[in-house]
Amino acid sequence: MNVSSLLTDIQMVGLLKKGDERALTLIYQRHWQSLFRSSFNLLKDKAACEDIIQEIFIKIWDRRATLEIQVSLKAYLYAAMRYEVYRQIKIGNVREDIFDAIYERLHTPAAYGNLEHKELLQQINSIVDTLPDRCREVYKLSREEQLSHKEIAERLDISTKTVENQITKALNHLRTSLGSVLSLELVIYLLKK
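Residue numbers (the working numbering): -8 to 184.
Listed below in structure tokens is the structure:
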């Protein structure tokens, strides 16, 4: 029988608060798989999920002396995971294909009532119109004409890396400009998956 199965979560948190690194390791071993599965169900990005879990445990270790858990350790860890996933979404550290899926949903009238949908499309189009010429052109070829990066590069006689950079620039500008509207839609989208 291993030590982890002998100690309760409360006991492990008590040891952790005293600076026992083994307690952190035991907590990690007991909970990382379920945290990973839950975060992966939201983000569909293995590397991002691993980073999120690592960040959670680093913060727990850094705050160990003042750590106050009012609920079960499992509930605390899940809340920390959800917060970190939301934080990653908010700062734009989500995969481009997830953002693309949201963009497609925003361009589907079923996502909103007709009036809200039209207003959101107008807002997106206004933001796209403020992009630098080349960036706007690359973005529209990608999103409106559904061309691949390679096809855009050939049509505009630029490298595929330039295409990727321009699309990333456009998406970052949209994320920033749409702010909470997009963040809310992204969270709703991820929760429905």
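Just so it is clear, CB atoms sit at the ideal spot from N, CA and C, and this is done for glycine as well.
Which listed residue (the options) has its alpha carbon closest to that of residue i
| i | options | result |
| --- | --- | --- |
| S63 | L162, I18, L(-3), E145 | I18 |
| D11 | R55, S133, E46 | R55 |
| W23 | A39, Q45, D120, I149 | Q45 |
| E59 | E75, E155, K9, H140 | K9 |
| Q157 | K35, Y130, A39, K37 | Y130 |
| I29 | L68, T57, Q61 | The question names Ile, but residue 29 in the sequence shown is Ser. Closest option to S29, Cα to Cα, is L68. |
| A39 | D0, E136, H140, Y77 | Y77 |
| T57 | C126, E128, V4 | V4 |
| E141 | E128, E155, E135 | For the sequence presented, residue 141 should be read as Lys rather than Glu. Comparing Cα positions, the closest option is E155. |
Straight-line gap, residue i to residue j (C-alpha atoms, nearest Å)
| i | j | result |
| --- | --- | --- |
| T153 | S25 | 39 angstroms |
| L112 | K160 | 19 angstroms |
| I47 | E145 | 44 angstroms |
| S168 | Q2 | 47 angstroms |
| L138 | E75 | 34 angstroms |
| Q79 | D53 | 20 angstroms |
| R21 | D148 | 53 angstroms |
| T121 | K37 | 34 angstroms |
| L6 | N32 | 31 angstroms |
| N116 | F27 | 36 angstroms |
Endpoints, the alpha helix (DSSP H) within which residue i is located
| i | result |
| --- | --- |
| L15 | 12 to 34 |
| R146 | 140 to 147 |
| L58 | No alpha helix (DSSP H) holds L58; DSSP gives it neither H nor E. |
| Q2 | 0 to 8 |
Inter-residue CB distance, residue i and residue j (contact presumed, cutoff 8 angstroms)
| i | j | result |
| --- | --- | --- |
| I51 | L15 | 7 angstroms |
| L165 | I118 | 6 angstroms |
| I49 | M72 | The Cβ separation is near 13 angstroms, so there is no contact. |
| I143 | S133 | 6 angstroms |
Residue i - DSSP class collapsed to helix/strand/coil
| i | result |
| --- | --- |
| L122 | coil |
| Q137 | coil |
| S117 | helix |
| S150 | coil |
| S63 | coil |
Closer than 7 angstroms: residue i CB and nearest the ligand ADP heavy atom
| i | result |
| --- | --- |
| Q61 | In terms of ligand content, the structure shown is empty, and the ligand ADP therefore cannot be addressed. |
Test: residue i CB closer than 8 angstroms to a CB of chain B
| i | result |
| --- | --- |
| I18 | Looking for chain B here will not work: only one protein chain is present. |
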